[in-house]
Amino acid sequence: MNIPNFYTMNNGNLIPSIGLGVYLAGSQQTVESVTFALKNGYRLIDTASVYGNEAEVGEGIRQSGIERGDLFITTKAWLSEYGSVLTPEACKASLAKLGTNYLDLYLLHWPSPRTFDKTIEAYKAAELLVEMGLVKSIGICNFTPTLLESLMQETMVTPAVNQIELHPYFSQIESSKFHKEHGIITQYWSPLGGIYTNHPANPEKVIHLLRDPILADIANQYDKTPAQVVLRWHLAHGHAVIPKSVNPERILENMAIFDFELTSEEMANIDSLNQNLRGSAHPDIFDLAFLSDRG
Ligand code: A2P
C-alpha cells in the first residue's frame, strides 16, 4: 500500500500526511527542531497560541530558508480567544508571532461544550478569516462526533480537519468513521502515546506504549523502531499525524516510515491493542472552568 505524502482536504487544499508537533518544546528547542525538521523533509509544523512558542516556530522557519509557499503552518485558537472579536484578534496575533501573513490551517483547540455559544462564535469568525485571506483552511480539535454535529448544524464550512488524541491504546474508531463519512481529515495528536508519559497534567499516568511487545516484535522484523511501526500504522489507516520530537535523531526516525509496509495481519494486531485508554481529559468536561478548578 502506497502512503501518500499529502491528503486532499474537503476544500481541495493539500495537507502533508506527517508533520512536526511542538507541544511542550522549550524556546531554543523549538527553533532548533523546527529548523532541523524543515531542512530534513518536514513541511508541516503544528503549534498553538497556548504552547507559547509561535514566535520560535516562526524563527525556526526563517532559519530553515524554506519558501513559505512550500510550508504548511497550523496554529490554534485557545479557549480564552473564542468570540467574534477575540478570535480574529488572536489569529492576527498568531500571524505576527509566526512572521507570516496567512495560516494554512487554523483550529479551535477544544470544543468547550459548557460555553458552546462562544465556540460557535469563534468558528464563525474563523470562517470569515478564510474569506479575508488570512487562513486557507479551518478546523477543530478534540471534537466528539456529537459535538461536531452540533457545530456543523450552526455553521457553513465543514471543518477540514479534526485533530484528536489517537494512538494504538486509544484508537477512537467511531470518530475516524464519522470524519470519513463527512470528508473531514483525522489528524492525530500524541500519535506515539506521549500523552501517557509526557504531560504535566498526568504525572501519575506513566504508560509506555512504545514498549509494547507486539510493537517491538513487528519493529524487529522490519529493522524499524516501535515508533516507526506506530506511525506507519496511523498512515496506513489514512490519517494524518504530528509526532512531537525535539531530538534530531527521532525527528529523522519519525519521517523514515515510507519504505516499509505492514501486512494486514500486523495492522489487525496493532488494532487489537486498543484499550480505550484516553490520556487527556474528556472533551465534554474540558474548558476554562475545568482548568482553573484543576489548578
Ligand atoms: P523527544 O521530544 O525527546 O523526542 P507524542 O507526539 O505521541 O505526544 O510523543 C511525543 C513524545 O515522544 C515526546 O516525549 C518525544 O520526546 C517522544 N518521541 C518522539 N519521537 C520518538 C521516537 N521516535 N521514539 C521514542 N520517543 C519519541
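Reminder that position 59 of the sequence shown reads as 59 in the UniProt record's numbering, one-by-one numbering, no gaps.
C-beta: ideal position from N, C-alpha, C; glycine also.
One or two residues paired with residue i in a DSSP bridge
{"i": "His282", "result": "Paired residue(s): none; His282 is not in a bridge."}
{"i": "Ala240", "result": "Gln187"}
{"i": "Val85", "result": "DSSP output for Val85 lists no bridge partner at all."}
{"i": "Phe6", "result": "Pro16"}
{"i": "Glu165", "result": "Trp189"}
{"i": "Ile138", "result": "Tyr106"}
{"i": "Gly21", "result": "Asp46, Lys244"}
{"i": "Thr75", "result": "Tyr106"}
{"i": "Phe170", "result": "His167"}
With 16 other Cβ atoms within 10 Å as the buried cut-off, status of residue i
{"i": "Thr8", "result": "exposed"}
{"i": "Glu249", "result": "exposed"}
{"i": "Asp212", "result": "buried"}
{"i": "Glu56", "result": "buried"}
{"i": "Thr47", "result": "buried"}
{"i": "Val206", "result": "exposed"}
{"i": "Gln228", "result": "buried"}
{"i": "residue 297", "result": "The shown model of the chain, from 1 to 295, leaves out residue 297, and the question about it has no answer."}
{"i": "Glu54", "result": "buried"}
{"i": "Ala289", "result": "exposed"}
{"i": "Glu266", "result": "buried"}
{"i": "Ser33", "result": "buried"}
{"i": "Ala126", "result": "buried"}
{"i": "Asn142", "result": "buried"}
{"i": "Thr146", "result": "exposed"}
{"i": "Asp223", "result": "exposed"}
{"i": "Ala90", "result": "buried"}
{"i": "Arg294", "result": "exposed"}
{"i": "Gly65", "result": "exposed"}
{"i": "Ser272", "result": "exposed"}
{"i": "Gly12", "result": "exposed"}
{"i": "Ala77", "result": "buried"}
{"i": "Glu100", "result": "A quick correction: the sequence has Thr, not Glu, at residue 100. Buried, because 16 or more other Cβ atoms sit within 10 Å of the Cβ of Thr100."}
Residue from the options with nearest C-alpha to residue i
{"i": "Ala25", "options": "Lys39, Val157, Gly41, Ile45", "result": "Ile45"}
{"i": "Asn10", "options": "Asn247, Thr158, Pro226, Leu288", "result": "Thr158"}
{"i": "Leu128", "options": "Trp110, Glu154, Lys97, Ser84", "result": "Ser84"}
{"i": "Leu98", "options": "Leu79, Met156, Gln275, Gly58", "result": "Gly58"}
{"i": "Arg62", "options": "Gly41, Val31, Leu209, Gly194", "result": "Val31"}
{"i": "Phe260", "options": "Ile15, Asn101, Arg278, Ala236", "result": "Ala236"}
{"i": "Leu134", "options": "Pro111, Ala93, Asn53", "result": "Ala93"}
{"i": "Val22", "options": "Met156, Phe258, Pro243", "result": "Pro243"}
{"i": "Asn254", "options": "Pro226, Thr263, Ser280", "result": "Pro226"}
{"i": "Ser190", "options": "His208, Glu174, Asn2", "result": "His208"}
{"i": "His282", "options": "Ala55, Tyr188, Ile164", "result": "Ile164"}
{"i": "Asn274", "options": "Ser17, Lys76, Gln172", "result": "Gln172"}
{"i": "Leu20", "options": "Tyr42, Ala90, Cys91, Leu192", "result": "Tyr42"}
{"i": "Asn5", "options": "Ser80, Ser292, Gly238, Val230", "result": "Gly238"}
{"i": "His167", "options": "Tyr188, Glu154, Thr155", "result": "Tyr188"}
{"i": "Leu38", "options": "Ile73, Gly12, Leu14", "result": "Ile73"}
{"i": "Ile18", "options": "Ile195, Ala256, Asp287", "result": "Ala256"}
{"i": "Leu291", "options": "Met132, Pro145, Leu79", "result": "Leu79"}
{"i": "Tyr82", "options": "Thr100, Pro113, Ile3", "result": "Pro113"}
{"i": "Ser49", "options": "Gly60, Thr75, Thr155, Ser27", "result": "Thr75"}
{"i": "Ile218", "options": "Gly194, Ile270, His234", "result": "Ile270"}
{"i": "Ala160", "options": "Leu262, Asn247, Ala240, Tyr169", "result": "Ala240"}
{"i": "Ser27", "options": "Glu174, Gly52, Tyr196", "result": "Gly52"}
{"i": "Glu131", "options": "Pro88, Gly279, Ser245, Phe170", "result": "Pro88"}
{"i": "Val246", "options": "Leu14, Asn2, Thr35", "result": "Thr35"}
Inter-stretch contact (C-beta, 8 Å, three-pair minimum) for the stretch 104-112 and the stretch 123-143: yes
Is the stretch 175-182 in contact with the stretch 66-74, if contact means three or more CB pairs nearer than 8 Å? no
Say whether the stretch 117-125 touches the stretch 148-156, bearing in mind that this needs 3 or more beta-carbon pairs closer than 8 Å, one atom from each stretch. yes
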